[in-house]
Each structure stands twice: as structure tokens, then as C-alpha cells.
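Enquirer:
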Amino acid sequence: MYQDIILDHYKNPHGRGLRDGDAEVHHVNPTCGDEITLRVKLDGTVLKDVSYEGQGCSISQASASVLNELLVGKELGDAQKIQEAFLELMQSKGQQEGDEEVLEDAIAFAGVSKYPARVKCALLSWMAWKDATAQALAGAPVKESA
Amino acid sequence: MIHTSRTLDVDAIRKDFPVLSRILPNGKPLIYLDNAATSQKPKQVLDALTAYYELHNANVHRGVHTLAEEATALYEGARDAVASFINAPSRDEVVFTKNASESLNLVANMLGWAEEPYKVDADSEIVITEMEHHSNIVPWQLLAQRTGAKLKWFGLTDDGRLDLSHIDEIITEKTKVVSFVLVSNILGTVNPVEAIVRRAQDVGALVVIDASQAAPHAVLDVQALEADFVAFTGHKMLAPTGIGVLWGRQELLEDLPPFLGGGEMIETVSMQSSTYAPAPHKFEAGTPPIAQAVGLGAAIEYLNGVGMDAIAAHEHAITEYALGRLQEVPDLRIIGPTTAQDRGAAISFTLGDIHPHDVGQVLDEQGIAVRVGHHCARPVCLRYGIPATTRASFYLYSTEAEVDALIDGLHHVRAFFG
């Protein structure tokens, strides 16, 4: 379960820390107390930045780091496809290996999907990102017209 | 260094528990250190369950056939065993429930529906503590919300004990009920019953004690406690899940109203109204957990055979040994008392910045079962500024070799995430 990629991201997280954003969300995992505050910054239809701060287990922290590395700079449509692919992998109960073309480092989490108690840890930041992006998009037209 | 207990024949005891010789799917032998969550079951208890279902299974009370009489005798015999185990003045003071949570909810609901002088209303105060299990917080929050009563609590000291310095301001003339845990499931603290009971009695408040982490581990004498109600559960003391106990003083059980209505708890029923059976049956609506009660009776017989004093002495020695060894591990912080004095055999700790879920997972890879999280006592985690803890908890079959394996495991966890 603890792949080297996961431990690397845990020990050296990408993009950690809160920066300027269009929307901010705070998500918690009540079963273990993992928390994340996450901000999304858009530039038109491009995801300009995902910044985050939180506390939690290595799985949840590494997952946020992988998310940052994978999604920042992507077109929103492509980012959403990656998010959906990661969600599908995590819900696969160990039955899928994941498409490395799409998920890159995130395929390291395939083994986590075998542990029901830990799937939520891996998904915490991804669900927070989806929520924050929806909020940023909802607010976007106002800012563009301003 | 002593590696065998001077008080118990632990090797012989371990042979009674089939699961303790289990090899896990990863090839590691099981090291079970999650006893505060639930205990393992000896063959004697499993045999009693099997014998009940193979030979005596019937619904209890009122039946005239042989099996019904046998099942009733076994079920009521378990009540006798519990009454004797906790030194209850009367067997009629022992109410069977499904677990300690139900026992505590039962008391809260009795008091919510009671007449004066027990009635909890908008002028009343309810007192609990910050170290309660959620099962001794939420029922009182519900009662407070539904009646308008005020909920108050004792805070905690930095070393994991109750802060009783303001006891006279917390327990007042308005206090109707004081409910507190005898041994904390997360901190391991054994609480000073006498000081709290004395103050509660001075103001005429009822005292409820959650003995879930006490009954399995040492002599429990409800008369010596001088409480009004004592709640505990069977599955933490070698019995099956699904059986709990509420002990209450007889005059209270007679005066207080029933909570759940149904079969078995009545005297007569008409379409307009009913009268109720005397306690304890007044509080046992519906078919009770019969086999589970029989299992609890067998568990008590097993515990009595070993001796509760010997079990307490063994666990005290293991706890002392574990506390010492844990404190050798760098960056390990014990959450709760750091010495074995007035302390139970559940030890919570944090390990540097390594999240308890990661600690628990890597220990599991070595066959070591501990519990991680907030242990249904989230206010304690908030109090000490931590998201969660790792908890190792011991019982009569725990050995110093298992403590040593835990320590080795924790060094491995540190190396892994270091």
C-alpha cells in the first residue's frame, strides 16, 4: 500500500501552502480527523493553481500533492477527466491498476483502493478540489464581467 | 527484566482463546492489543453459546415446555451471575440491555420522563466530564436539548486527570444527575469516585457511572461505589456482543418509568392502558438477547475462575511495563497519565507527526492490532490539540513479549516514515 511514490509525495509535498484563489473549501474526514483547506485559482478555462493546507495521514497528504502536480496548468475539462479516472480507480476495490497515461503518479494509489477505511483519505483532496472548482466556476461570470 | 507474570498463568489462559493462535493472511501471528474496543472470547464462552443453541434454545418466560424452562433458567441464571459479580444487593437490580450505550440512554430517558423528584427539566443541570465516551455525552445532550436542562462538565488537567478544583461550582443544588466514566477508554485514567459521589450526594443528585472499561479488569462493587446506576457491556469482558447491563438501586428502578414498551415488560394490557411488570423486567421489553446473556454468564464464570484481583494485578504490571517501554521510543507522547498509578490498561499516544492511521496500518502489516482515531472521545483529542491517537490496550492474556513486539513495531514505523 505504501508505494515509494506515495512516501515521496508525503515527505516532499508539491504546492503545499495556501495562495491566492477564486474559491476556498474546507473538507474533513470524520472517521480519522483528516482535514484540508483547499483553494482553486482559475485563468479562464485553465486551472492556474491549487493550493492547500491540512493535516492527516500520509495517504491524504500525498494524494493532495499528487493532485497539485497532476492538475495545475490543465484545461478544466482535462482536469475533470483525471479526477473522474482517479475516483474510478479508488472505487475499484483493488480490481484496477489505473491508466498511467491519464493518472501518472496517481496510479500508485491503486493499492489503497483495497482498504475501505483508507479510500476516503485518498479522496479527501480530490473531493475538495471538485467542490472548490464548482464554486469558482459559479463565481466566475461575475468576475469576468467586472 | 521479567517476562512472565507472577500473578497469572498467562500461557494456560492464552490456550483458552482460539483466535490468539491465529496466523494472519500476511503470515504474521496475531498480536491483539485492541482490548479496550472489544475482548477476545475463550472457548468456554463459545461452548456455552453452542450448547445453548444446540440443546436449550427457546424464548424465555411464560413457556411451560421443557426448553422454555431451561432457557429461562439459563437467562435468569446469568442475571444471578452478574448480580454476584458486581455485589448487587438484589438480582432484581440487574437490567439486561444490548450494550452500555443502551444502558446510559435508558437512564437518560427514565429521567426525562420521570416525575418529581427525579424529573430533569429546564431548571435542572446535568453534569458529565470532558473524558466521556460519546455514549456518555450524546444521551445527555439529547436530554438537555429536549428538556431545556443545562449540560455542564468537568474539564481535564494537562496530565489526563479530571479537574475537580471547581467541583462545588459544577455540581450545584440544581444538579439532578452526575454521570461519569470510572476508567477512561482513551486516557486510561481511573477517576476518583468518592470525591464526586460525596458532592453529588450533598446536593441530592443521582450518580451514574460508566464502568465499561472497569468491569472487565478489576473487582466492581456497586455498593462500594455508592452510585445510583452503573452501566457496562459484555463484549469487553469476554462475552459476546449484544449484551449489556444497567445496574440501578431498587427503589429507583421501582419509581422510574419504563422507556421501551412491549412484550415482557407488562403486567396487564388493555386497549386503553397497561400496568408494568416489576423491575428488572419493566425495562426489558421484547425478546431479550438470551444466548448473549448466557454467554455473559459463562464469561463471568471464567473471570471468577481466574480471579479479578489476579487479573487487575497482571494488567497493572503489563501497563507499568508498557508505559516504561513506550517512553523509550523517541517522539512518542503518551496522552493520559504516564505512570501506572490510578490507571487502566489502555494507553493512547502520538508518534511525532506520523498520523495514527499510518502508525496503525504499518503495525497491522506486522500483525499488531491497535486502534487509531479519536476512540469515540473526540472532546479529549480537542482538549489536547491532537487529531487522533494510536491506542494499545491490554487484558488478562496480554504478555510482555507482545509489548516488546509493539515497541519494535513502533521503531519500524518511525524508520518507515522518517
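Chains as they are written, first to last, in the numbering used here: chain B, 29 to 174; chain W, 705 to 1122. Beta carbons are placed, not taken as given, at the ideal position from N, Cα and C, and that holds for glycine. A quick note: this is a predicted structure, and the numbers were derived from the prediction, not measured.
1) B/D36 to B/A92, Cα distance in whole Å?
2) Going by DSSP, what residues sit across from W/H1018 in a beta bridge?
3) So W/T876 and W/D867 are supposed to be a Cβ contact under 8 Å. How far apart are they, rounded?
4) So what does W/R1075 bridge to, in DSSP terms?
5) Threshold first: 4 residues or longer. Then list the alpha helix (DSSP H) segments lying entirely within the segment 849-886 of chain W, N to C.
6) From this set, B/V140, B/G61, B/K158 and B/W157, which residue's C-alpha is nearest B/A150's C-alpha?
7) Note down, in chain order, every chain B residue with its Cβ under 7 Å from the Cβ of W/A1092.
8) What do you get for W/K880, buried or exposed, if any count of 16 or more other CB atoms within 10 angstroms of its CB means buried?
9) Hey, could you find the ends of the alpha helix (DSSP H) W/Q954 is sitting in?
10) Indicate the three-state DSSP secondary structure (helix, strand or coil) for W/D914 in the structure shown.
11) Using a Cβ-Cβ cutoff of less than 7 Å, which residues in the same chain neighbour W/S805 once the five nearest sequence positions on both sides are dropped?
12) If you reduce the DSSP assignment to three classes, tell me which class B/R67 lands in.
13) Please compile the residues from chain B whose C-beta is within a distance smaller than 9 Å of the C-beta of W/G1077.
14) Reducing DSSP to helix, strand and coil, say where W/P733 ends up.
15) Comparing alpha-carbon positions, which option in B/L70, B/G72, B/I87 and B/S120 lies nearest B/I64?
16) Have a look at W/L1007, W/S743 and W/V749 and flag the residue whose alpha-carbon is nearest the alpha-carbon of W/S788.
17) What separation, rounded to the nearest whole angstrom, lies between the Cα atoms of W/K732 and W/S743?
18) Could you give the uninterrupted runs of the beta strand (DSSP E) lying entirely in the segment 967-992 of chain W, keeping only those of 3 residues or more?
19) Quick check on the burial criterion: 16 or more other C-beta atoms within 10 angstroms. Buried or exposed for W/T1103?
20) Where does the unbroken beta strand (DSSP E) through W/V798 begin, and where does it stop?
21) With a threshold of 16 other CB atoms inside 10 Å of the CB of B/R67, please say whether the residue is buried or exposed.
22) Counting contacts by CB-CB distance shorter than 9 Å, is W/I1058 in contact with chain B?
23) How many angstroms separate the CA atom of W/G1040 from the CA atom of W/R865?
24) Considering only residues of the segment 740-769 of chain W, which uninterrupted alpha helix (DSSP H) runs meet the minimum length of 4 residues and lie entirely inside it, listed in chain order?
Expert: On the basis of the coordinates in this document:
1) Position 8 of the first sequence, counting from 1, holds the residue named residue 36 of chain B. Position 64 of the first sequence, counting from 1, holds the residue named residue 92 of chain B. In a straight line, the C-alpha of B/D36 is about 12 Å away from that of B/A92.
2) Here residue 1018 of chain W refers to the residue found at position 314 of the second sequence. DSSP, once it has assigned bridges, lists no residue as partnering W/H1018.
3) If you number the second sequence from 1, residue 876 of chain W lands on position 172. If you number the second sequence from 1, residue 867 of chain W lands on position 163. Their Cβ separation, rounded to whole angstroms, is 17 Å, which puts W/T876 and W/D867 out of contact at 8 Å.
4) Locating residue 1075 of chain W in the second sequence gives position 371, where the first residue counts as 1. Partner(s): W/R1095.
5) 871-874
6) On the first sequence, position 122 is the one that residue 150 of chain B refers to. Checked all of B/V140, B/G61, B/K158 and B/W157; the closest Cα to B/A150 is B/V140.
7) For this step, residue 1092 of chain W is matched to residue 388 along the second sequence. The answer, in chain order, is C60 and G61.
8) Your numbering for residue 880 of chain W matches position 176 in the second sequence. Label assigned to W/K880: buried.
9) Position 250 of the second sequence, counting from 1, holds the residue named residue 954 of chain W. Run containing W/Q954: Q954 to D959, per the alpha helix (DSSP H) assignment.
10) Indexing the second sequence from 1 puts residue 914 of chain W at position 210. DSSP places W/D914 in strand when its eight states are reduced to three.
11) Numbered from its first residue, the second sequence carries residue 805 of chain W at position 101. Here the set comprises S839.
12) As a working mapping, residue 67 of chain B is identified with position 39 in the first sequence. It is a strand residue.
13) Position 373 of the second sequence, counting from 1, holds the residue named residue 1077 of chain W. Those are T59, C60 and G61, listed as they occur along chain B.
14) As a working note, residue 733 of chain W is residue 29 in the second sequence. In this structure, W/P733 counts as strand in the three-state DSSP scheme.
15) By 1-based counting over the first sequence, the position of residue 64 of chain B is 36. Nearest C-alpha to B/I64: B/I87.
16) Position 84 of the second sequence, counted from the first residue, corresponds to residue 788 of chain W. The candidate whose alpha carbon is nearest that of W/S788 is W/L1007.
17) Along the second sequence, one-based indexing puts residue 732 of chain W at 28. Along the second sequence, one-based indexing puts residue 743 of chain W at 39. Cα-Cα distance, rounded: 20 Å.
18) 970-973 and 978-980
19) If you number the second sequence from 1, residue 1103 of chain W lands on position 399. When all chains shown are included, W/T1103 counts as buried.
20) As a working note, residue 798 of chain W is residue 94 in the second sequence. Per DSSP, W/V798 belongs to the beta strand (DSSP E) from V798 to T801.
21) What you label residue 67 of chain B is simply residue 39 of the first sequence in a count that begins at 1. Label assigned to B/R67: buried.
22) Here residue 1058 of chain W is taken as the residue at index 354 of the second sequence, counted from 1. Yes, because at least one Cβ of chain B sits closer than 9 Å to the Cβ of W/I1058.
23) By 1-based counting over the second sequence, the position of residue 1040 of chain W is 336. By 1-based counting over the second sequence, the position of residue 865 of chain W is 161. Approximately 7 Å between the Cα atoms of the pair.
24) 747-755
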